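A short worksheet on the structure shown next.
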Amino acid sequence: MATEKISTEEEVLDTDHAEQRVYELGFHLDPELPETEVKKSYQALRDLIAGKGTVIAEGEPTKIPLAYTISRTETGVGRRDFDSAFFCWIAYEVTGADHAEVVAAANEEKRIIRFLDLRTTKEEAKHSEEMQAIFAQMANDDVAPEEETVSETELDAALKEVV
Numbered sequence: 061m062a063t064e065k066i067s068t069e070e071e072v073l074d075t076d077h078a079e080q081r082v083y084e085l086g087f088h089l090d091p092e093l094p095e096t097e098v099k100k101s102y103q104a105l106r107d108l109i110a111g112k113g114t115v116i117a118e119g120e121p122t123k124i125p126l127a128y129t130i131s132r133t134e135t136g137v138g139r140r141d142f143d144s145a146f147f148c149w150i151a152y153e154v155t156g157a158d159h160a161e162v163v164a165a166a167n168e169e170k171r172i173i174r175f176l177d178l179r180t181t182k183e184e185a186k187h188s189e190e191m192q193a194i195f196a197q198m199a200n201d202d203v204a205p206e207e208e209t210v211s212e213t214e215l216d217a218a219l220k221e222v223v
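Residue 128 in the working numbering sits at position 68 of the sequence shown; the count goes up by one each step and never skips.
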C-alpha cells in the first residue's frame, strides 16, 4: 500500500473536491463475528463505495493473526484485546466529498477494529490484487498432502522384502 503526498497546489486546484482520486481502505473486522456477519459487514462497506465511485481492486475478508495485540474499549463491555482479525481491503476511485463519506462510514462501523485509508494509484491497487493472488497460491502450494497411514502388517512385510 503506497501513499502519495498531496501538494498544496493540488488542494488549491481542487477546492470543491470534484476530482476523482484513488484510495485504498484496509480494515480489520472483529474475529469473533460469524463468517456470515463478516461478509455482510464487508459487503455493506463495498456497496457504499461502489455507490459513490468505482471499485478498482479488492481483497475479501481473510482471518489472520495480528502482529501485535490491538486493544479497544467498548461501551458496556470494557476493554477487549484482539490477537487476530478478518483483514480486508478495497481500492476505489471517488471524489473528495465521497471519500470523506467512506471514511466516516468506516469510522462508524463498530465491527471494524482498526482501519487505514490511503491515497494510491490504479496501478498500485492492481498490483496489490495480483500479489494477493500470488500469496494465496503459495499458501495453497505449501499445504502438506495428507500422510498415508500404513498398518504394522504392511511395514513388517516391506521390511522382510528389504532384508
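Glycine is no exception: its CB is placed at the ideal position from the N, C-alpha and C atoms. Fair warning: this is a prediction, and the values are worked out from it, not measured in the lab.
| Alpha carbon to alpha carbon, what distance is there between D216 and A127? | 48 Å
| Where T133 and R174 are concerned, what is the direct C-alpha to C-alpha distance, given to the nearest angstrom? | 12 Å
| the region 94 to 106 in contact with the region 178 to 192 per 3-pair CB rule at 8 Å | no
| message | Here's the rule I'm using: 16 or more other beta-carbon atoms within 10 Å means buried, otherwise exposed. How should R139 be labelled? | response | exposed
| field | Contacts around A165, its chain only, beta-carbon distance under 6 Å, and the 5 residues preceding and following it disregarded | value | L108
| query | Are the beta-carbon atoms of E84 and A151 separated by less than 7 Å? | reply | yes
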